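Structure first, then comments.
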Amino acid sequence: NAGVTQTPKFRVLKTGQSMTLLCAQDMNHEYMYWYRQDPGMGLRLIHYSVGEGTTAKGEVPDGYNVSRLKKQNFLLGLESAAPSQTSVYFCASRGTAAYEQYFGPGTRLTVT
Amino acid sequence: QQQVKQSPQSLIVQKGGISIINCAYENTAFDYFPWYQQFPGKGPALLIAIRPDVSEKKEGRFTISFNKSAKQFSLHIMDSQPGDSATYFCAARQVFDPSNQFYFGTGTSLTVIP
Numbered sequence: 269n270a271g272v273t274q275t276p277k278f279r280v281l282k283t284g285q286s287m288t289l290l291c292a293q294d295m296n297h298e299y300m301y302w303y304r305q306d307p308g309m310g311l312r313l314i315h316y317s318v319g320e321g322t323t324a325k326g327e328v329p330d331g332y333n334v335s336r337l338k339k340q341n342f343l344l345g346l347e348s349a350a351p352s353q354t355s356v357y358f359c360a361s362r363g364t365a366a367y368e369q370y371f372g373p374g375t376r377l378t379v380t
Numbered sequence: 121q122q123q124v125k126q127s128p129q130s131l132i133v134q135k136g137g138i139s140i141i142n143c144a145y146e147n148t149a150f151d152y153f154p155w156y157q158q159f160p161g162k163g164p165a166l167l168i169a170i171r172p173d174v175s176e177k178k179e180g181r182f183t184i185s186f187n188k189s190a191k192q193f194s195l196h197i198m199d200s201q202p203g204d205s206a207t208y209f210c211a212a213r214q215v216f217d218p219s220n221q222f223y224f225g226t227g228t229s230l231t232v233i234p
């Protein structure tokens with residue numbers, strides 16, 4: 269039981285490049301979330317999903333897209349990376365029975 | 121607009137002392153208040169949580185105090201240890217929110233000096 273895993277752990281992009289971050293959970297959770305963490309700003313919600321095939325915008329969705337084609341996977345895409353997207357990205361999931369969100373280990377992204 | 125305001129931003133405590141982190145909110149529709157602990161290079165992990173129908177919850181050395189009328193809640197770490205050095209986030213969830221998202225505070229970096 270790995271919980272929530274994220275791929276990759278680190279990535280450096282040049283401005284304008286694209287990439288996809290993968291989040292996988294093996295807990296059969298319905299809800300999945302993508303957050304970004306920046307110094308002094310806490311965790312801010314980018315996009316979320318309440319079930320397979322659904323996605324919705326969070327607090328800071330601009331510049332990102334997501335997909336949830338399979339229940340266990342939640343992908344975060346950056347189509348044209350900008351330096352403002354330099355951050356640590358966390359994926360989280362939760363089931364329907366409890367409120368607790370389980371976080372992955374994070375992806376540190378640097379855009380130069 | 122920050123829905124949950126957290127203070128202080130950083131805190132240094134001597135080993136054996138009490139660490140206190142405070143959070144405040146305005147949204148009376150919040151019905152669940154967790155605290156998350158994050159070690160460097162790791163994801164946040166649930167530490168302790170409280171519902172607004174109780175004023176205090178204790179788990180080992182960690183206690184949440186909740187003041188519904190003041191719309192404030194705080195984390196108390198008794199007998200603080202160097203292993204408690206981490207970043208702590210308070211959060212809140214809104215009742216009847218279909219996203220079930222958490223609104224996080226900005227975090228407190230705790231350093232416990234041996």
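Protein chains in written order, with my numbering: chain X, 269 to 380; chain V, 121 to 234.
Positions of the beta carbon are idealized from the N, C-alpha and C atoms, including for glycine.
Since the model is a prediction, treat every value here as computed from it, not as a measurement.
Of the residues V:210, V:137, V:197, the one placed nearest residue 129 of chain V, counting alpha carbons only: V:210
is_contact[residue 183 of chain V, chain X] using C-beta, thresh 8 Å: no
Test item: CB-CB of residue 233 of chain V and residue 196 of chain V under 8 Å: With contacts defined as CB atoms closer than 8 Å, residue 233 of chain V and residue 196 of chain V fail to qualify as a contacting pair.
Validate contact between the stretch 353-364 of chain X and the stretch 284-302 of chain X using beta carbons, cut 8 Å, 3 pairs: yes
8 Å Cβ cutoff met for residue 326 of chain X and residue 126 of chain V: no
Validate contact between the stretch 271-278 of chain X and the stretch 324-344 of chain X using beta carbons, cut 8 Å, 3 pairs: no
Bounding residues of the beta strand (DSSP E) (the contiguous stretch that carries residue 273 of chain X): Here the beta strand (DSSP E) through residue 273 of chain X covers 272-275.
Check whether residue 224 of chain V and residue 311 of chain X have beta carbons under 8 Å apart: Taking 8 Å as the Cβ cut-off, residue 224 of chain V and residue 311 of chain X qualify as a contacting pair.
Minimum Cβ-Cβ distance from residue 369 of chain X to chain V less than 8 Å: At a cut-off of 8 Å between beta carbons, residue 369 of chain X contacts chain V.
Interface positions of the stretch 325-358 of chain X facing chain V (Cβ-Cβ less than 8 Å), listed along the chain: 326, 358
For residue 314 of chain X, the nearest candidate out of X:322, X:305, X:320 (CA to CA): X:305
Residue 300 of chain X at chain V interface by Cβ criterion, 8 Å: no
Continuous beta strand (DSSP E) stretch holding residue 141 of chain V: start and end: It spans 139-145 - the beta strand (DSSP E) in which residue 141 of chain V sits, taken as one unbroken run.
Minimum length 3: unbroken beta strand (DSSP E) runs contained in the stretch 323-365 of chain X: Whole beta strand (DSSP E) segments, 3+ residues: 332-335, 341-346, 355-362.
Same chain, Cβ closer than 6 Å to residue 175 of chain V, neighbours up to 5 away in sequence not counted: For residue 175 of chain V, where only same-chain residues beyond five positions count, the Cβ hits under 6 Å are 186.
Closest Cα partner of residue 272 of chain X within the set V:214, V:163, V:179, V:123: V:163
Inter-stretch contact (C-beta, 8 Å, three-pair minimum) for the stretch 188-203 of chain V and the stretch 335-343 of chain X: no
Rounded straight-line distance, which links the Cα of residue 379 of chain X to that of residue 307 of chain X: 16 Å
Within-8 Å CB hit, residue 227 of chain V to chain X: yes
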